[in-house]
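J.: One structure, pasted below without further comment.
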Amino acid sequence: MAKVKGAIVVNTERCKGCNLCVVACPAKVLSLSPDSNLKGYNFSYMSNADSCVGCAACAYVCPDACITVYKVKNKTE
Amino acid sequence: MTLNDIIDPKNLVYAKTKVMNDTPMHYCPGCSHSVVHKLIAEVIEELDIQDKTIGIAPVGCAVFGYKYIDIDWQQAAHGRAPSLATAVKRLLPDRYVFTYQGDGDLAAIGTAETIHTCNRGENIAIFFINNGIYGMTGGQMAPTTLNGMKSTTSPSGRTVPLSGHPLDMTKLLAQLDGTCYVTRQSVHNIANIRKTKKAIKKALENSMLDKGTSVVEIVSTCSAGWNMTPADSNNWMEQNMIPAYPLGDMKDI
Amino acid sequence: MEEVRLMKGNEAIAEAAIRCGCDGYFGYPITPQSEIMETMMAIAPWNTTGMVVLQAESELASINMVFGAAGCGKRAMTSSSSPGVSLMQEGISDLACAELPCVLVNVMRGGPGIGTIQASQADYYQSVKGGGHGDYKMIVLAPASVQEMADHTVLAFDLAFQYRIPTMILTDGIIGQMMEKAILPPFRPRLTNDEIREKYPWATLGKTADRAPNYILTLELYSEDMEIINLRLQANYKRIQEAEVRYEEFSCEDADYLIIAFGTSARISQKVVELAREEGIKVGLLRPITLFPFPTNEIKAYASQVKAMLTVELNAGQMVDDVRLAVNGQVPVEHYGRLGGIIPTPDEVLEAMKRLIVNK
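Protein chains in written order, with the working numbering: chain E, 662 to 738; chain G, -3 to 249; chain D, 811 to 1170.
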């Protein structure tokens, strides 16, 4: 069976920590980092990367176009 | 499979469009303006019209829209974007011309220009951000502010005896013979973001078909002006704004 | 071949604009200048040169249509009369800030308020001192004949584009409405978009791959940058002041007294010069053709020749300030004018001149 695996890359300096991606993620992959960027925003990151399916919901809702999404269909036995 | 295996250009499914540059947007965290900017930039890329598109920026928060979407821009005086767009499109009929206006710009100071531009059926797209508040000047009451809604100039909530009724400009514009496509959308969740993007695309495409004016209202949030988190703003909008400004096409011919 | 026609001043502006390659006229009816748009609509240049002529819903809309067109490097113009031009002031300030070339016509009528529909020159201050907000100027041309209405239309476009500045033709209901013969300018084709791209690289014609986006802007939040914009504007005004002063002299060589008057007032004053000289009073007339740039040095030069100066204006005394600044107290400078649309007779002005001579 094919298991879909995804990952995102957040442009952490562009991110304003609005949290909309965290709310939008159906797989509860994202959180706001305790660290902040140069502007002082707690940027978004994958706190639960294993669950990401690359659906890009986070990227669609991201107001600042900070999120790049990757997805692979990984054949497992 | 490690993260590095997945994060590979061949697996890319979504990235910021090249039409939007790397300048960080000045909008507050979670602002609907940013979402709509992104969608306009994506549509310009998809239609491959970057060299043929001229945007008219308003006065209001979106006055700096030109900094983020890499096309030619003019910035209008408050409310006059449709007049600029009229002249640009009449003189450059093979260009895609759009205005980007807020509720103060389009529904208050620019009411006459908006109505007459639509009534003449100018072949332009009007993108109308309605968040029921003046964002840039610090949260004053707009013509679209809901009854009871608080703002810095209606601190106890808007009342009809003092300020009259919220103005549904989009409904009004749908009545005009000059408009061909009038729709109200929102960008508070994925489904609506997709619909808004389609509407933006259709409006820009219409502008080349000599059909008249297309108006896309986007019911929006202003978390700073509303004093809420971005997520709470989206919820509040869904519960309060959308019942007053119901989503959907009002006209599509 | 020269084309000579008997026509109104307003009609001459319309004809000249079409002939000199104007791309767009945007206007709103107001007396006494409506013939400009009416003439254009009757000629229907969109069938020949492709020029756009559009009746807007207000002066606010028409001046902002001019902004949009000018931002694309197009030769755009509007026309109005005093109250309508007041409405346009925000847009004119924006055009000046964005350094957009365009032609504005003010066929003045008597104010303040809605006022009268008869000729006046009471918008001198508004036109040359910057009627809108901020430190800005326009080039202001003051035609005194139907011929000049045509000539100045061509000149206004040329100066506007040479200096990237809004240029106003400041005239009045008399010059606009009166009929004289005029030689119309030769036809000049409109520029193509490629030519505009070449000549005016700042124009918003669509961002091509070989350049960064073009922006036509009037907002700058950083004071340091806003000061830079202002200094650039001021430097441009200085260049214009040095290079573009235009004026005309009648019987000035031996004059003991000098009248300074523009437009309709200059026409009246020409007669005053004749009448005065019949009585043995040596009066000369200096007619500023450009009100900005003002012929300051040229007037100053006469301060050591003449005994007194008189400005004749259809207002309560506006240009007189600039004449006084020019002569800086060297000789007495007085003003004679009628208000609200009244036109003085040459005899009336001669009497004023005689009073000046007695009181000097």
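Cβ coordinates follow ideal geometry from the N, Cα and C atoms, glycine included.
Just to confirm, are S692/E and F704/E a CB contact at a threshold of 8 Å?
T.: Position 31 of the first sequence, counted from the start, is the residue given in the question as residue 692/E. Position 43 of the first sequence, counted from the start, is the residue given in the question as residue 704/E. Cβ atoms of S692/E and F704/E: not closer than 8 Å.
J.: At what residues does the alpha helix (DSSP H) containing R1148/D begin and finish?
T.: Within the third sequence, numbered from 1, the residue matching residue 1148/D stands at position 338. Premise fails: R1148/D is in no alpha helix (DSSP H) and is neither H nor E.
J.: Is it true that the CB of A822/D sits closer than 8 Å to the CB of V956/D?
T.: Working through the third sequence from its first residue, we reach residue 956/D at position 146. Working through the third sequence from its first residue, we reach residue 822/D at position 12. Yes. Within cutoff.
J.: Mind checking if E1034/D is an interface residue toward chain G, Cβ cutoff 8 Å exclusive?
T.: Reading the third sequence from its first residue, position 224 is the one you call residue 1034/D. It does not: the Cβ of E1034/D has no partner Cβ on chain G nearer than 8 Å.
J.: Please identify, using Cβ separations under 9 Å, the residues of the region 61 to 75 of chain G that lie next to chain D, in order along the chain.
T.: Y62, K63, I65, D66, I67, D68, W69, Q70, Q71, A72, A73, H74 and G75
J.: Could one say the Cβ of M16/G lies closer than 8 Å to chain E's Cβ atoms, at least one of them?
T.: Taking the second sequence and counting its residues from 1, the one referred to as residue 16/G is at position 20. Yes, because at least one Cβ of chain E sits closer than 8 Å to the Cβ of M16/G.
J.: Can a CB atom of chain E be found closer than 8 Å to the CB of P11/G?
T.: In the second sequence, residue 11/G corresponds to position 15, counting from 1. Looking at the sequence itself, residue 11/G is Ala, so the reference to Pro does not match. Taking CB atoms only, A11/G has a neighbour in chain E less than 8 Å away.
J.: When you compare the CB of E109/G with every CB in chain D, is at least one pair closer than 8 Å?
T.: Position 113 of the second sequence, counted from the first residue, corresponds to residue 109/G. The Cβ of E109/G sits closer than 8 Å to at least one Cβ of chain D.
J.: Straight-line CA distance for V215/G to S150/G?
T.: Locating residue 215/G in the second sequence gives position 219, counting from the first residue. Locating residue 150/G in the second sequence gives position 154, counting from the first residue. Near 20 Å, if we compare the C-alpha coordinates of S150/G and V215/G.
J.: Quick check: is the beta carbon of A966/D nearer than 8 Å to any beta carbon in chain G?
T.: The count along the third sequence starts at 1 and reaches residue 966/D at position 156. Not a single CB atom of chain G sits nearer than 8 Å to the CB of A966/D.
J.: Relative to the C-alpha of P976/D, which residue among P1105/D, E1089/D and G940/D is closest?
T.: Here residue 976/D is taken as the residue at index 166 of the third sequence, counted from 1. P976/D has its Cα closest to that of G940/D, out of P1105/D, E1089/D and G940/D.
J.: In chain G, which residues lie with their C-beta within 8 Å of the C-beta of K732/E?
T.: As a working mapping, residue 732/E is identified with position 71 in the first sequence. Under the 8 Å cutoff, chain G gives I2, N7 and V9.
J.: Between Y1010/D and chain G, is any beta-carbon pair separated by less than 8 Å?
T.: Residue numbering aside, residue 1010/D sits at position 200 when the third sequence is read from its first letter. Answer no: the Cβ-Cβ gap between Y1010/D and chain G never drops below 8 Å.
J.: Would you mind reading off the limits of the beta strand (DSSP E) that contains L914/D?
T.: As a working note, residue 914/D is residue 104 in the third sequence. Looking at the DSSP string, the run of the beta strand (DSSP E) that includes L914/D is C912 to M918.
J.: Counting only beta-carbon atoms, is L88/G nearer than 8 Å to chain D?
T.: Taking the first residue of the second sequence as 1, we reach residue 88/G at position 92. By this cut-off, L88/G is an interface position.
J.: Less than 8 Å separating the beta-carbons of G883/D and A1013/D?
T.: As a first step, residue 883/D must be located in the third sequence, where it is residue number 73. As a first step, residue 1013/D must be located in the third sequence, where it is residue number 203. For G883/D and A1013/D, yes; Cβs fall inside 8 Å.
J.: Tell me where the beta strand (DSSP E) around W69/G begins and ends.
T.: Along the second sequence, one-based indexing puts residue 69/G at 73. Per DSSP, W69/G belongs to the beta strand (DSSP E) from D68 to Q71.
J.: Determine, using beta carbons only, whether S712/E and A688/E come nearer to each other than 8 Å.
T.: For the purposes of this step, residue 712/E is identified with residue 51 of the first sequence, where counting begins at 1. For the purposes of this step, residue 688/E is identified with residue 27 of the first sequence, where counting begins at 1. It is a contact, given that the beta carbons lie within the stated cut-off.
J.: Determine, using beta carbons only, whether G98/G comes closer than 8 Å to chain E.
T.: Here the question's residue 98/G lines up with position 102 in the second sequence. G98/G does not count as touching chain E.
J.: Based on Cα-Cα distance, which residue from Y64/G, I67/G, P54/G and A83/G lies nearest to D99/G?
T.: In the second sequence, the residue the question calls residue 99/G occupies position 103. Taking only the C-alpha atoms, the option nearest D99/G is P54/G.
J.: Can you have a look at M782/D and say buried or exposed, based on whether 16 or more other CB atoms are within 10 angstroms of its CB?
T.: Because chain D here runs from 811 to 1170, residue 782/D falls outside it and cannot be looked at.
J.: So D833/D contacts chain G; which residues on that side make the cut at Cβ distance below 7 Å?
T.: By 1-based counting over the third sequence, the position of residue 833/D is 23. Residues of chain G passing the Cβ test: L87.
J.: So P976/D is in the beta strand (DSSP E); what residue range does that whole segment cover?
T.: Position 166 of the third sequence, counted from the start, is the residue given in the question as residue 976/D. P976 to D982 is the span of the beta strand (DSSP E), which, as asked, contains P976/D.
J.: Using 8 Å as the limit for Cβ to Cβ distance, is D44/G near chain D?
T.: Residue 44/G sits at position 48 when you count from the first residue of the second sequence. No, its Cβ sits nowhere closer than 8 Å to a Cβ of chain D.
J.: Is the distance from the Cβ of Y10/G to the Cβ of A720/E below 8 Å?
T.: As a first step, residue 10/G must be located in the second sequence, where it is residue number 14. As a first step, residue 720/E must be located in the first sequence, where it is residue number 59. Yes, Cβ-Cβ distance for Y10/G and A720/E is below 8 Å.
J.: Taking one C-beta from the region 210 to 226 of chain G and one from the region 124 to 132 of chain G each time, how about it: are there three or more such pairs within less than 8 Å?
T.: Short answer: they touch.
J.: Could you check the C-alpha separation between L804/D and C57/G for me, to the nearest Å?
T.: A question about residue 804/D goes unanswered here, because the residues of chain D that appear run from 811 up to 1170.
J.: In three-state DSSP terms, what is M662/E?
T.: Position 1 of the first sequence, counted from the start, is the residue given in the question as residue 662/E. For M662/E, the predicted model reports a pLDDT of 45, less than 50, meaning its position is unreliable and no value from the coordinates is stated.
J.: Straight-line CA distance for G135/G to Y241/G?
T.: Stepping through the second sequence from its first residue, residue 135/G is reached at position 139. Stepping through the second sequence from its first residue, residue 241/G is reached at position 245. C-alpha separation (whole angstroms): 20 Å.
J.: Hey, how far is the Cα of V714/E from the Cα of A906/D?
T.: To locate residue 714/E, count along the first sequence from 1; it is residue 53. To locate residue 906/D, count along the third sequence from 1; it is residue 96. So the two alpha carbons sit approximately 55 Å from each other.
J.: So L1029/D and Q71/G are supposed to be a Cβ contact under 8 Å. How far apart are they, rounded?
T.: Position 219 of the third sequence, counting from 1, holds the residue named residue 1029/D. Position 75 of the second sequence, counting from 1, holds the residue named residue 71/G. Confirmed, Cβ separation roughly 6 Å.
J.: Between the C-alpha atoms of S1075/D and A886/D, what's the straight-line distance to the nearest angstrom?
T.: To locate residue 1075/D, count along the third sequence from 1; it is residue 265. To locate residue 886/D, count along the third sequence from 1; it is residue 76. As the crow flies, the alpha-carbon of S1075/D is around 29 Å from that of A886/D.
J.: Would you list, in chain order, the members of the region 670 to 687 of chain E that have their beta-carbon closer than 7 Å to a beta-carbon of chain G?
T.: V670, R675, K677, G678, C679, N680, L681, V684 and A685
J.: How far does the beta strand (DSSP E) with C176/G in it extend, from its first residue to its last?
T.: Counting from one through the second sequence, the residue named residue 176/G turns up at place 180. That run of the beta strand (DSSP E) goes T175 to S182.
J.: Alpha carbon to alpha carbon, what distance is there between E1037/D and L1043/D?
T.: Here residue 1043/D refers to the residue found at position 233 of the third sequence. Here residue 1037/D refers to the residue found at position 227 of the third sequence. One C-alpha to the other measures close to 10 Å.
J.: Taking the beta carbon of N1107/D as the centre, do at least 16 other beta carbons fall within 10 Å, making it buried, or is it exposed?
T.: Numbered from its first residue, the third sequence carries residue 1107/D at position 297. That one is exposed.
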